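In the numbering used here, the protein residues as written are 2 to 135. By construction, the Cβ of each residue, glycine as well, lies at the ideal position given by its N, Cα and C atoms. Please read all numbers here as calculations on a predicted model, not as lab measurements. One structure below.
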């Protein structure tokens, strides 16, 4: 079993909350499960993340992948978690170096071709990350 975590931001109104995105890859039927966000959001994110990872020249592991967005009590209502989820998968599967993303906060929607798109609240999230030393 391998795991990784990446930091992201949930923006609610004019405040940002740090979210830890945890990825665990283990033996089992190949599937990508996302917990800690609504099933509707998770379904759409899964499809964008799968496609973006493959278009970027990486491989989605043929194993069981579980993504947890914590804390669970903070609403996660935007596509800005696509990028940190994809990064956590790539780090846990050892396709990218974890040290390259230590102390960084990631936020962005992924297109099906792997392009990173801006999301609402990005400036608020960036200011919050800077104030917290990220």
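For the candidate residues the options, whose alpha-carbon lies nearest to that of residue i?
i, options, result
"residue 104", "4, 2, 3, 8", "8"
"residue 93", "80, 46, 53, 62", "62"
"residue 30", "2, 106, 88, 66", "66"
"residue 113", "2, 55, 28", "55"
Can you list, in chain order, the residues of its chain with a C-beta nearer than 6 Å to that of residue i? Leave out the 5 residues immediately preceding and following it.
i, result
"residue 68", "24, 35, 86"
"residue 96", "59"
"residue 51", "61"
"residue 101", "none"
"residue 130", "106"
How is residue i classed by DSSP in three states: helix, strand or coil?
i, result
"residue 55", "helix"
"residue 107", "coil"
"residue 73", "coil"
"residue 132", "helix"
"residue 81", "helix"
"residue 23", "strand"
"residue 8", "strand"
"residue 49", "helix"
Can the beta-carbon of residue i be found less than 9 Å from the beta-carbon of residue j?
i, j, result
"residue 111", "residue 49", "yes"
"residue 22", "residue 41", "no"
"residue 125", "residue 17", "yes"
"residue 77", "residue 84", "no"
"residue 10", "residue 20", "yes"
"residue 64", "residue 26", "yes"
"residue 43", "residue 116", "no"
"residue 106", "residue 128", "no"
Only counting the same chain, and skipping five residues up and downstream in sequence, which positions put a Cβ closer than 8 Å to that of residue i?
i, result
"residue 119", "109, 110"
"residue 46", "35, 38, 80, 82, 83, 86"
"residue 133", "19"
Near residue i, what residues of its chain come up, given a Cβ to Cβ distance below 7 Å and the 5 sequence neighbours on each side ignored?
i, result
"residue 4", "23, 24, 25, 93"
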